[in-house]
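At position 25 of the sequence shown the residue is numbered 25 (UniProt numbering), and the sequence of numbers has no breaks.
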Amino acid sequence: MLEIQKVDFALVELNLFLDTHPADLQALQQFNQLAQLRKQLMASFEQKYGPQMGFGNSFSRYPWQWIDTPWPWQV
């Protein structure tokens, strides 16, 4: 979870930077790399602890896992 939080922080900062510097290719490449890393980290985390994002952003195995998974602060 800590690695996901670190990547999320960097993504938010890059998102804000790109809002004011949309033509910065290096920043855009870094954003895309971190977005891909986040996707991989989240998939790995969800395999171990279950879905983390609702409303169709995370898949659930059978049976419905939302009631069985720990809250993020319990991991």
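A virtual CB, placed ideally from N, CA and C, is assigned to each residue, including glycine.
Out of curiosity, what's the CA-to-CA distance linking residue i and residue j?
i, j, result
"residue 11", "residue 70", "25 Å"
"residue 4", "residue 19", "22 Å"
"residue 75", "residue 44", "14 Å"
"residue 2", "residue 50", "16 Å"
"residue 47", "residue 41", "10 Å"
"residue 31", "residue 73", "26 Å"
Given residue i, which residues of its chain have a CB within under 6 Å of its CB, disregarding the five upstream and five downstream residues?
i, result
"residue 22", "none"
Within 10 angstroms of its Cβ, does residue i collect 16 or more other Cβ (buried), or is it exposed?
i, result
"residue 14", "buried"
"residue 34", "buried"
Apart from the five residues just before and just after residue i, which ones in its own chain have a Cβ nearer than 8 Å to its Cβ?
i, result
"residue 8", "38"
Report all residues from its chain with a CB closer than 7 Å to the CB of residue i; omit the five preceding and five following residues, and keep chain order.
i, result
"residue 27", "14, 17, 18, 21"
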